[in-house]
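Taken in order, the sequence shown gives residues 26 to 304; the numbers are from our numbering.
Glycine is no exception: its CB is placed at the ideal position from the N, C-alpha and C atoms.
Have a look at the structure below before the remarks.
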Amino acid sequence: MKKVIITALHAEAKPFIEFFNLKKSNLFAKIPFYTGESVFLCVSGIGKVRSAIATASLLAQEKEPHSVVVFNIGICGSTTKEVKLGELFFVNKVIDHGSGRSYYPDIVIEHSLPESQLMTFDKPVTQVDFPQEYKGLVDMEASGFFEAALTFLSPHQVVCLKIVSDFLEGEVMNKAKVSGLVERNMEAINGIISSYDAICSFLATDVLDANEHSLLEQLSMHFRLTFSQYHQLIEWARSYKIHKKGSLEILRQYLQYSVSDKRERNNYLEKLRSLLLDE
Numbered sequence: 026m027k028k029v030i031i032t033a034l035h036a037e038a039k040p041f042i043e044f045f046n047l048k049k050s051n052l053f054a055k056i057p058f059y060t061g062e063s064v065f066l067c068v069s070g071i072g073k074v075r076s077a078i079a080t081a082s083l084l085a086q087e088k089e090p091h092s093v094v095v096f097n098i099g100i101c102g103s104t105t106k107e108v109k110l111g112e113l114f115f116v117n118k119v120i121d122h123g124s125g126r127s128y129y130p131d132i133v134i135e136h137s138l139p140e141s142q143l144m145t146f147d148k149p150v151t152q153v154d155f156p157q158e159y160k161g162l163v164d165m166e167a168s169g170f171f172e173a174a175l176t177f178l179s180p181h182q183v184v185c186l187k188i189v190s191d192f193l194e195g196e197v198m199n200k201a202k203v204s205g206l207v208e209r210n211m212e213a214i215n216g217i218i219s220s221y222d223a224i225c226s227f228l229a230t231d232v233l234d235a236n237e238h239s240l241l242e243q244l245s246m247h248f249r250l251t252f253s254q255y256h257q258l259i260e261w262a263r264s265y266k267i268h269k270k271g272s273l274e275i276l277r278q279y280l281q282y283s284v285s286d287k288r289e290r291n292n293y294l295e296k297l298r299s300l301l302l303d304e
């Protein structure tokens with residue numbers, strides 16, 4: 026299993042470079058890239074656009090994408106002081122503040138970390154800048170990372186781990202403090218990364234059989250799904266098989282319904298998503 030780590034800052038990357046004994050590579054002229062035996066690391070720079078460019082540049086090189094897990098790891102802010110500074114979170118939902126789009130990683134390993142949603146902004150924010158109803162983590166990279174990663178990989182191959190560094194009070198953090206936050210969480214982070222080795226063969230195998238693929242194709246044609254929607258349906262079905270280990274025959278009942286416009290199509294697609302993802 027190849028593990029690819031994307032950080033925004035070199036200060037976030039430094040503990041990984043030392044822990045995994047990574048070496049500088051010249052694969053990309055303008056993107057710092059480091060290689061090891063099975064762990065690879067890229068420093069994207071700050072912002073969702075840079076994160077997306079770095080993630081896409083790396084994954085576009087992959088000849089065996091089913092054998093890759095990509096991790097976005099770094100510091101973040103928190104809108105609430107109910108969490109602790111330095112606390113490590115497994116992100117279970119990413120919301121792009123600008124577009125309103127949400128991304129859902131598929132967490133397939135057992136772990137003991139607290140989970141949280143995260144909102145990505147286009148610029149640094151303080152307490153007065155974010156929606157008052159939102160409570161959770163805040164960063165500037167994750168939505169770009171997910172947008173790019175999910176172009177190449179399935180949701181269960183995309184992981185986001187964030188460490189709370191501040192409460193959005195406008196404090197400028199020095200490099201040593203950033204590296205220290207990562208170092209203090211390195212044992213837990215390495216445990217998460219190592220957990221994906223244990224399911225390497227499982228991740229690399231398509232959990233859907235030929236009959237299930239045929240059923241999904243029928244649903245796609247029946248509801249006139251777009252190419253993107255069809256592939257979303259496939260990933261939701263894979264998530265259902267991984268987590269619930271149930272039969273997709275529960276979807277066959279939807280072939281009795283017809284749609285006459287995009288609104289009805291999208292409504293039925295949302296019903297399928299809710300059923301498969303148990304939401």
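Cβ-based burial, residue i [other Cβ within 10 Å; buried from 16]
{"i": "Tyr282", "result": "exposed"}
{"i": "Asn97", "result": "buried"}
{"i": "Asn210", "result": "buried"}
{"i": "Thr104", "result": "buried"}
{"i": "Ala54", "result": "exposed"}
{"i": "Lys48", "result": "exposed"}
{"i": "Leu280", "result": "exposed"}
{"i": "Gly271", "result": "exposed"}
{"i": "Ile275", "result": "exposed"}
{"i": "Pro139", "result": "exposed"}
{"i": "Phe252", "result": "exposed"}
{"i": "Phe28", "result": "Note that residue 28 is Lys in the sequence shown here, rather than Phe. Lys28 should be labelled buried."}
{"i": "Ser239", "result": "exposed"}
{"i": "Ala223", "result": "exposed"}
Sheet register partners of residue i (DSSP bridge)
{"i": "Gln142", "result": "Lys118"}
{"i": "Tyr293", "result": "Paired residues: none, contrary to the question."}
{"i": "Leu66", "result": "Ile30, Tyr59"}
{"i": "Val163", "result": "Gly102, Met144"}
For residue i, three-class secondary structure by DSSP
{"i": "Val150", "result": "coil"}
{"i": "Ser220", "result": "helix"}
{"i": "Lys270", "result": "coil"}
{"i": "Leu175", "result": "helix"}
{"i": "Ser283", "result": "coil"}
{"i": "Leu300", "result": "helix"}
{"i": "Lys49", "result": "strand"}
{"i": "Gly169", "result": "helix"}
{"i": "Ile71", "result": "coil"}
{"i": "Ala54", "result": "coil"}
{"i": "Glu158", "result": "coil"}
Are there three or more Cβ pairs, one per stretch, closer than 8 Å when the segment 265-275 is compared with the segment 232-249?
Touching, yes, given that three or more Cβ pairs across the two stretches are closer than 8 Å.
If we count Cβ pairs, one from each stretch, closer than 8 Å, do we get three or more for the segment 73-82 versus the segment 31-47?
Yes: the two stretches touch, three or more of their Cβ pairs being nearer than 8 Å.
For the segment 80-140, which segments carrying the beta strand (DSSP E) assignment without a break, of at least 3 residues, lie completely within its bounds, in sequence order?
Within the segment 80-140, the complete beta strand (DSSP E) runs of at least 3 residues are 93-103, 113-121.
Sequence ranges, alpha helix (DSSP H) only - wholly within the segment 182-265, length at least 4:
Uninterrupted alpha helix (DSSP H) stretches at least 4 residues long and entirely within the segment 182-265 occur at 200-209, 211-223, 225-228, 235-247, given in chain order.
Taking contact to mean at least 3 C-beta pairs separated by less than 8 Å, is the segment 167-187 in contact with the segment 100-120?
The segment 167-187 is in contact with the segment 100-120.
Does the segment 120-134 come close enough to the segment 145-160 that 3 or more CB-CB pairs lie under 8 Å?
These segments touch.
Does the structure place the segment 235-247 close enough to the segment 202-219 that three or more beta carbon pairs sit under 8 Å?
The segment 202-219 makes no contact with the segment 235-247: fewer than 3 CB pairs, one atom from each, lie closer than 8 Å.
Contact the segment 172-179 vs the segment 84-99: 3+ CB pairs below 8 Å
Yes: at least three Cβ pairs fall under 8 Å.
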